[in-house]
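Chains as they are written, first to last, in the working numbering: chain B, 1 to 295; chain R, 1001 to 1295.
Take a look at the structure below.
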């Protein structure tokens, strides 16, 4: 099975809160950010990992977690864009949430999405009450985006903004700021699909390699891309005086690194025995596309 | 069993993240806010509700949720104090997190605490794997602080700041902004203690009455209290041109309302059959103290 962005959106949009009642303004801001586009990479990878191992299709089980991971990704973008952090006014060619709804609502909308992600994921408890794999998936959803994952990476990134980074520091930032959510998504997919502990570990390794490749490719595009294609200022990282893998190691070494990480991910996947080889092939294709993307 | 603030802190401090590694700055900010004091009301009420119904003492089970509810309360204070929201520079006589650590770290520390709350609560899954009551407790922890609870109340409060409120609006704000977390705490305690569905409902009614009484009492103190006793500007609500129950209905009607809500809570509790009557008595005493407090 291969999924388009629209296929994934059809699933995850079902879990958005209805725009009504007293909190309507914060819900509008949450949904505005959530529906602003993007590749839906994380829920797509989660679904493909689920499909690879699953014994039965159960969209009621995986759907809430697919929506939840995208909500967490979206909240992190809303808060990242705030004046006190990256101070970005445009994202994907549209005004950022604080520009459109005000800074107060943007802070609450980010909080709302992070919190709602757990509320949506908790719907899976009633699909399979007392299921230990659902509980494990929940624990992964709670740990990888946090201080020992994404927020940890963001923290070092913020603290080091404008200062030179060591190799260890940039690796820490990339593994946590970017890879952690991809690892979260793929691990949850494998867990809910019923993968063994060893298989879940292997999927984690794939995810970290993909995440690193994805982030360095993003840095490359940030230099060579043009503003229109990305819908955001091309040199925003340089404007903020951020150090990236590309500014530290140069374009050639960066492209080599992306290829190495991509090969690593695909090699581990190739050797994995799965129940649905079409899903595996789709995942390998998706990873290859991600690395070769020009936007 | 009666608990002091220190007894509760002894339990919840065990779950704080260690101040080390790359994210150290955000962890310091989280712990600074968490350890800034307060009555520890929510975890205390959670523990007493747990004790009332429990068949066996299991601090490993209730402890993570006690810490989690206080982390969620603390994150909401950090974000509330931000310049874009209440713009408060002091809380309990100390500089607020954004004053001490910067606005960027304050946003991340709030996000970190909200996220870490779920990570800590997830520890209970390994204490009782596959336990449906733990899953239910988790669902309550994910729902009550969110857009259909605390964040919903904050949103209307922010939108209406400076405008007159209808009775329905102020009730919505109080039920959600203040009562929701108290209801969350007490309901989780009862659930994990093994209360029946009907008993959990009754505890929810008690919590809503206590929450309303607590908030209106807070409004009263905001008018009559003095700055030193509270450690924050006495007229901060008036400074922000906020409408409160007291400014809308006057002091006498407000005091009457607090007493009515307090009586309601204690009456429901009195009629409840519990396994530990000492815990019930402690809870009734705590509620009475809260209502009679002068700070």
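All residues carry an ideal CB built from backbone N, CA and C; glycine is no exception.
Check: So with Cβ pairs under 8 Å, would you call residue 122 of chain B a contact of chain R?; Outcome: yes
Check: Give the secondary structure of residue 1128 of chain R by DSSP, where H, G and I count as helix, E and B as strand, and everything else as coil.; Outcome: coil
Check: For residue 1293 of chain R, which of helix, strand or coil comes out of DSSP?; Outcome: coil
Check: Take every Cβ of the segment 52–71 of chain B, pair it with every Cβ of the segment 14–22 of chain B, and state whether three or more of those distances are shorter than 8 Å.; Outcome: yes
Check: Just curious, the alpha helix (DSSP H) that residue 1096 of chain R is in, first and last residue?; Outcome: Here residue 1096 of chain R belongs to no alpha helix (DSSP H), and DSSP marks it neither H nor E.
Check: Find the nearest neighbour of residue 1177 of chain R within the set R:1165, R:1168, R:1211, judged by alpha-carbon distance.; Outcome: R:1211
Check: Could you tell me the alpha carbon to alpha carbon distance between residue 274 of chain B and residue 40 of chain B, rounded to whole angstroms?; Outcome: 23 Å
Check: Can you find a CB in chain R that lies within less than 8 Å of the CB of residue 25 of chain B?; Outcome: yes
Check: Check the Cβ of residue 154 of chain B against every Cβ in chain R and list those closer than 7 Å, keeping chain order.; Outcome: 1108
Check: So that I know if they touch, is there some Cβ in chain B lying closer than 8 Å to that of residue 1017 of chain R?; Outcome: yes
Check: So, for residue 143 of chain B: in the same chain, excluding its five sequence neighbours on each side, which residues have a beta-carbon less than 7 Å away from its beta-carbon?; Outcome: 149
Check: Closest by CA to residue 4 of chain B, which one among B:293, B:286, B:292, B:291?; Outcome: B:286
Check: Can you give, in chain order, each stretch of the alpha helix (DSSP H) that sits fully within the segment 35–94 of chain B and has at least 4 residues?; Outcome: 41–53, 59–80
Check: Do the segment 42–56 of chain B and the segment 120–129 of chain B make contact, defined as three or more Cβ pairs closer than 8 Å?; Outcome: no
Check: Measuring CB to CB, does residue 244 of chain B end up less than 8 Å from residue 219 of chain B?; Outcome: yes
Check: Should residue 216 of chain B and residue 254 of chain B be called a contact, given that it needs their Cβ atoms to be closer than 8 Å?; Outcome: yes
Check: Should the segment 155–173 of chain B be regarded as contacting the segment 1020–1037 of chain R, the criterion being three or more beta carbon pairs within less than 8 Å?; Outcome: yes
Check: Select from the segment 1182–1196 of chain R all residues with a C-beta closer than 7 Å to any C-beta belonging to chain B, and list them in chain order.; Outcome: none
Check: Determine the direct distance from the alpha carbon of residue 145 of chain B to that of residue 1271 of chain R, and round the result to whole angstroms.; Outcome: 44 Å
Check: Flag residue 112 of chain B as yes when its Cβ comes closer than 7 Å to any non-hydrogen atom of the ligand SAH, and as no otherwise.; Outcome: The model depicted lacks the ligand SAH and carries no ligand whatsoever.
Check: How should residue 293 of chain B be labelled, buried or exposed, when 16 other C-beta atoms within 10 angstroms of its C-beta is the threshold for buried?; Outcome: exposed
Check: Between residue 268 of chain B and residue 1087 of chain R, what straight-line distance do the alpha-carbon atoms span, to the nearest angstrom?; Outcome: 51 Å
Check: Using C-beta distances below 6 Å, list every residue in its chain close to residue 1100 of chain R, excluding the 5 sequence neighbours before and after it, in chain order.; Outcome: none
Check: With 8 Å as the threshold, decide whether the Cβ of residue 1067 of chain R is near any Cβ in chain B.; Outcome: no
Check: Looking at the C-beta of residue 116 of chain B, does it have a partner C-beta in chain R at a distance below 8 Å?; Outcome: yes
Check: Looking at chain B, is there any beta carbon in it that lies within less than 8 Å of the beta carbon of residue 1034 of chain R?; Outcome: no
Check: Can we say the segment 1166–1176 of chain R touches the segment 1099–1115 of chain R, given the rule of at least three CB pairs closer than 8 Å?; Outcome: no
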